[in-house]
Structures are given as C-alpha cells and as structure tokens.
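In terms of the working numbering, the sequence shown is numbered consecutively and its last residue is 1314.
Just so you know, even glycine gets a beta-carbon here, dropped at the ideal spot from N, CA and C.
As the structure is a prediction and not an experimental result, all values here were calculated from the model.
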Amino acid sequence: MLANAFYRKLEDRKWHSMASLNCIRKSTKPWNGGWSMLQTIQKLALWDAVNGLNGSLKESRIENGMQGVTVKVVTLLEDPFVMVAENILGQPKRYKGFSIDVLDALAKSLGFKYDIYQVSDSKYGSQLSNGSWNGMIGDLINKKADVAVSALTITPERESVVDFSKRYLDYSVGILLRKPVERLDMFSLLAPFEPSVWACVAASIPVCGVLIFLLNRLHALRNAGSQSAAGQGGPAASTAPSGSSTGPFCSKVKKTSYAFLWDVAVLEYSALTDDDCSLTVSGTSSSSKGYGVALQHGSPYRDLFSQRLQNCVDPRVQMVFLGTWRQPEKVL
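Structure, rendered in structure tokens:
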C-alpha cells in the first residue's frame, strides 16, 4: 500500500522532497526497526509498474488456534515464577510456578502441547562482545526453542532480536532487609518513646499538678461568697474512672547488614519462605518494564499469545495467580 502511494505521487509529479535538515550531530544512529518494517511490508504486498499490486494486504493468521501443534519451550528456574515440582522416577521433569501457570493457561486456551527444558547456561539472555546472544534469547535466535518462559523482562535490546507477547505482569523493584532484632525485657513497655520523651512526660506531671492546684485556689478565691440558687440542693456530679535465584544473596542479608535490591515478586517470595522469618521487603517502585513470553523473531504465534494473555493482565487474575505462589503451604 505504501509502495502504491509513493508510485502514484511520482507519476503525478506531485512528489515534494523533504527539506534538508540542518542538524549538528557528531554521529548518526540508524533505526533498528527499519529492516523489520520493510520485511513486514513485503509480506503484505509488492508493487511494480507492470503487474501492479502483487499479494494480499492481510497478514496470514492462524484462525483455528494451535490445535495439534507441539511447542518447544526453554525456561530458567526462578522462584516463584518457575520451580521444579515433585517428579516421579523415570518421568520427564515437571515444573510449577506463576509463569508455568500462565503457560498452561495458554496451552489450554489455544490447544497446543509443549516440551519444556532448562537453558544450559542458566542465563536469561544478553548480547556478547561478538554480537551473539547467550541464555534463553540465544536459544530462540538459534531456533533451538520456539518459546521462552520465565521471569524474563521485556527490554528494547531483546525486542530487536526476538518477539515478545503482551506483558502479563509488571516489573517492580524492592529492597530485601533483615528484620530488626526484637528484645523483650521488663522495660519493653517504654520502647514506643525515646528516653528524652519519657523524661519530658515525667517532668510535666508535677508541673501540671502545681498549675492545677494554683488555678483551683484562684477560682475558689474569686467565687468566695457568691451564691448560686441554681446549684443549691442539686445532686453531686458523677466522675468517670481514668483509665512485615537469589539464595546466596538472601543468606548474606540474613548474616550481615547488607540489603538486596531485586524484583519485588522474587523478594516477597524469599521473605515468606524464610525459615527464620527474619527477612522483610521494603518499598516498591513502579517501572515501565514487564514480564512477557518471548518467541522467535517473526513467530506466527505472537498475536495469539498476546490475545489470550489479555485475560491474565486483569489485576484480579494477577492477584489469584501470583498470590498462590507468594503464599506456599508452610506459610499458610
């Protein structure tokens, strides 16, 4: 369609070239998405002066879901997103967790089956000095896997080499701290205030007593000799009585005064599953990042996954899914 519009402009001689830009810049940075957009346009249609528009303007879509399709999934252990379940001897390794629940929901909705394995180098994926990628992203680029599922965040660098579905959970950062040691003694009732505050309270009691005594004396002298008919013979007034894979870092936080800055979902799970209950998570900060399902670049399943994940983006569904894994059995 764009090629058709450009061609007609040139034929009608109504094409106006863009004015040159007078910008001072030492280096230029090309748009990484240019080739991807060009390939997408070529998939839609091609235009030439002889044959005209050749192709369809509609993208090819999988109308009947993914019935009968077996997807190869790569994953990485990260509590509570992906964990090893209790396995039966001789049976393939099974996994559980929040991300596995999302994958199972997609498989049930779209009708596909999947084979899952752990990435060999235990890395999510980053670009190396030679331009290649390691981890789960590298397996997708090398077509060893069709889908990557774990606590995988969506970043611009990763989006330039693989496709991501719609985010199914927002990414936020928190701080894991060791809980302060509680000392119980006979003076624990004095803990709410500092000693200086208690000293002020103690000093104010006799001062207030003296002031009240003086005010009562002055009031009695002022009203001496006065008579009030309304108050004579009346009853006495009554008075009321006075009267809260990160194991090595979490261990370091428990043993030292260090704090651990990491994903809130992972830190909250670590704090809840701590045997000594000596960890706590402080604060959360919103972020533009999120967790998504990674697929091979140009995968036909991306839009299907995004459509089905729309239901998982609902905050109520997130609370049900993630709340299950933030509260393991031994905590309940």
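Beta-bridge pairing of residue i - partner residues as DSSP gives them
i, result
"residue 1115", "1109"
"residue 1057", "1100, 1131"
"residue 1078", "1065"
"residue 1264", "1157"
"residue 1152", "1272"
"residue 1052", "1095"
"residue 1249", "Answer is none; residue 1249 lacks a bridge partner."
"residue 1318", "The structure shown does not extend to residue 1318, since the chain is modelled only from 983 through 1314, so no value can be given for it."
Helix, strand or coil at residue i [DSSP, three-state]
i, result
"residue 1183", "helix"
"residue 1288", "helix"
"residue 1231", "helix"
"residue 1124", "coil"
"residue 1282", "coil"
"residue 1190", "helix"
"residue 1257", "coil"
"residue 1003", "Residue placement at residue 1003 is flagged as unreliable, the pLDDT there being 46, under the threshold of 50; a coordinate-derived value is accordingly withheld."
"residue 1039", "Low confidence applies to residue 1039: its pLDDT is 49, below 50, so where it sits in the model is not reliable, and the reading given next is rough at best. Three-state DSSP puts residue 1039 in coil, outside helix and strand."
Buried or exposed by the 16-neighbour rule on C-beta atoms within 10 Å, applied to residue i
i, result
"residue 1113", "exposed"
"residue 1282", "exposed"
"residue 1057", "buried"
"residue 1138", "exposed"
"residue 1067", "exposed"
"residue 1131", "buried"
"residue 1284", "buried"
"residue 1133", "buried"
"residue 1049", "exposed"
"residue 1173", "exposed"
"residue 1273", "buried"
"residue 1188", "exposed"
"residue 1146", "buried"
"residue 997", "Model confidence at residue 997 stands at a pLDDT of 45, short of 50, so the residue's coordinates are unreliable; what they give is reported in the following sentence. Residue 997 should be labelled exposed."
"residue 1104", "exposed"
"residue 1142", "exposed"
"residue 1176", "exposed"
"residue 1120", "buried"
"residue 1202", "exposed"
"residue 1128", "buried"
"residue 1061", "buried"
"residue 1278", "buried"
Residue span of the alpha helix (DSSP H) that contains residue i, given as start and end
i, result
"residue 1176", "Per DSSP, residue 1176 belongs to no alpha helix (DSSP H) and is neither H nor E."
"residue 1140", "1138-1141"
Contact test: residue i Cβ vs the ligand SAH heavy atom, cutoff 8 Å
i, result
"residue 1278", "In the structure on display, the ligand SAH does not appear, and there are no ligands present to speak of."
Whether or not the region 1171-1191 and the region 1122-1142 are in contact is what I'm after, with contact meaning three or more pairs of Cβ atoms, one per stretch, closer than 8 Å; do they touch? Two segments are said to touch when three or more pairs of C-beta atoms, one from each, lie closer than 8 Å; by this definition the region 1122-1142 does not touch the region 1171-1191.
Does the structure place the region 1152-1162 close enough to the region 1251-1261 that three or more beta carbon pairs sit under 8 Å? yes
Three or more C-beta pairs under 8 Å: does that hold for the region 1232-1251 against the region 1093-1113? no
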